[in-house]
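One structure below.
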Amino acid sequence: MGTTLDIKIKRANKVYHAGEMLSGVVVISGKDSVQHQGVSLTVEGTVNLQLSAKSVGVFEAFYNSVKPIQIINSTVEMAKPGKFPSGKTEIPFEFPLHVKGTKVLYETYHGVFVNIQYTLRCDMKRSLLAKDLTKTCEFIVHSAPQKGKLTPSPVDFTITPDTLQNVKERALLPKFLIRGHLNSTNCVITQPLTGELVVESSEAAIKSIELQLVRVETCGKAVQKAMPAMPLRFRTSRSPTGTCVGASLCPYTWSSPGCSPARRWRPPTSKWVGALPSGSRAHMAWARAGDRELCEGH
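Next comes the structure, spelled out in structure tokens:
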């Protein structure tokens with residue numbers, strides 16, 4: 001086995017907040033002694049606008065004009081040129097997570113079009129006859145919890161054939177009237193998103209109703225319109241057989257745990273299968289995972 005290079009972060013979950021000290025060790029392992037030209041460690045945080053195959057041609061002009069935004073970048077020398085003995089060598093490190101000026105340590109986010117990522121990169125320079133070694137490790141940045149309670153911002157909505165978008169043959173649609181409300185458009189990410197849906201009338205029998213939570217990613221005002229809405233993919237179903245007029249339906253919801261190293265928030269959509277009589281009420285509630293990041297929508 002040749003020489004290996006590894007980065008071990010002190011916290012098992014690799015989650016840190018702005019102002020904290022990022023610490024750990026760099027591990028160099030090998031059967032024989034290792035001659036090197038120096039070891040350095042770099043912490044880097046960037047915001048990237050990614051081009052997706054699903055949106056080719058939609059915002060290529062924006063993509064070409066927007067360069068990666070660097071949030072934090074710092075390099076320290078871990079070891080001067082010399083030789084490491086055989087076996088395992090551990091070099092401790094500490095990085096204060098501070099930014100200069102008005103920059104902000106945004107939360108880690110892995111999306112379809114926007115990617116905010118923080119990494120540690122260790123480089124070991126070696127002689128011309130030996131290949132340089134590089135190891136990269138991602139760590140997670142979370143924003144500090146906001147103090148105080150959010151002010152509820154309820155919103156009412158009405159759905160009719162006239163309010164539908166992207167419908168080619170609107171005249172062929174059966175008449176219907178659906179009313180509802182969302183209890184608040186501002187909510188804590190760990191709390192359910194709740195509301196109510198009421199089918200006031202419908203000329204045709206309703207076989208299913210699907211509620212879909214849609215994510216819109218933005219990165220600055222210049223590219224807000226370049227980010228298409230992405231429906232999140234998790235669903236749950238329930239059959240309201242024998243539903244009485246005016247009965248309330250509460251969908252069964254579930255959520256998936258996050259993935260390492262970047263934990264992800266995966267809210268599901270909700271779906272009912274069966275006949276829904278006019279006047280029936282459906283209470284909306286999306287259960288949210290405690291993880292902070294959003295999942296990829298593709």
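In the UniProt record's numbering, the protein residues as written are 1 to 298.
Glycine is no exception: its CB is placed at the ideal position from the N, C-alpha and C atoms.
It should be emphasised that the depicted structure is a prediction, and the values quoted were computed from it without experimental measurement.
So, are the CB atoms of residue i and residue j less than 8 Å apart?
| i | j | result |
| --- | --- | --- |
| G30 | S86 | yes |
| I7 | C122 | yes |
| C137 | I9 | yes |
| F139 | L213 | no |
| S179 | E200 | Here residue 179 is Arg; the residue named in the question, Ser, does not match the sequence. A contact, by the Cβ cut-off of 8 Å. |
| L133 | L5 | yes |
| L182 | V216 | no |
| G2 | F93 | no |
| T185 | S153 | yes |
Run through the DSSP bridge pairs and tell me what residue i is partnered with.
| i | result |
| --- | --- |
| E44 | N73, T119 |
| H17 | H142 |
| S23 | E94 |
| D162 | D162 pairs with nothing; no bridge assigned. |
| V114 | L49 |
| V39 | A79, M124 |
| K103 | Looking at the DSSP assignment, K103 forms no beta bridge with any residue, so it has no partner. |
| S29 | T4, K88 |
| L177 | S201 |
| V155 | L182 |
| C34 | For clarity, residue 34 is Val in the given sequence; the question names Cys instead. BP columns for V34 point to F84. |
| K135 | C122 |
Quick one: measure Cβ to Cβ for residue i and residue j, integer angstroms, because I've assumed they're closer than 8 Å.
| i | j | result |
| --- | --- | --- |
| V39 | V26 | 7 Å |
| E44 | I69 | With a Cβ gap of about 12 Å, E44 and I69 do not count as contacting. |
| A171 | L105 | In fact, because the Cβ distance is near 53 Å, the residues do not count as touching under 8 Å. |
Verify the CB distance criterion: does residue i have a CB-CB separation below 8 Å to chain C?
| i | result |
| --- | --- |
| L164 | Here there is only one protein chain, and chain C is not present. |
Query raised in the report: For the region 200-207 against the region 167-179, are there 3 or more C-beta pairs whose distance is under 8 Å?
Result: Output reads yes: the region 167-179 touches the region 200-207.
Requested in this report: Specify whether the region 97-117 and the region 144-152 touch according to this definition: at least 3 beta carbon pairs, one from each stretch, less than 8 Å apart.
Outcome: no
Requested in this report: Report the residue ranges of all beta strand (DSSP E) runs contained in full by the region 183-221; include only those spanning at least 3 residues, in chain order.
Outcome: 193-202, 208-211, 214-216
Query - the region 31-39 / the region 93-106 touching (three or more Cβ pairs under 8 Å) - result: no
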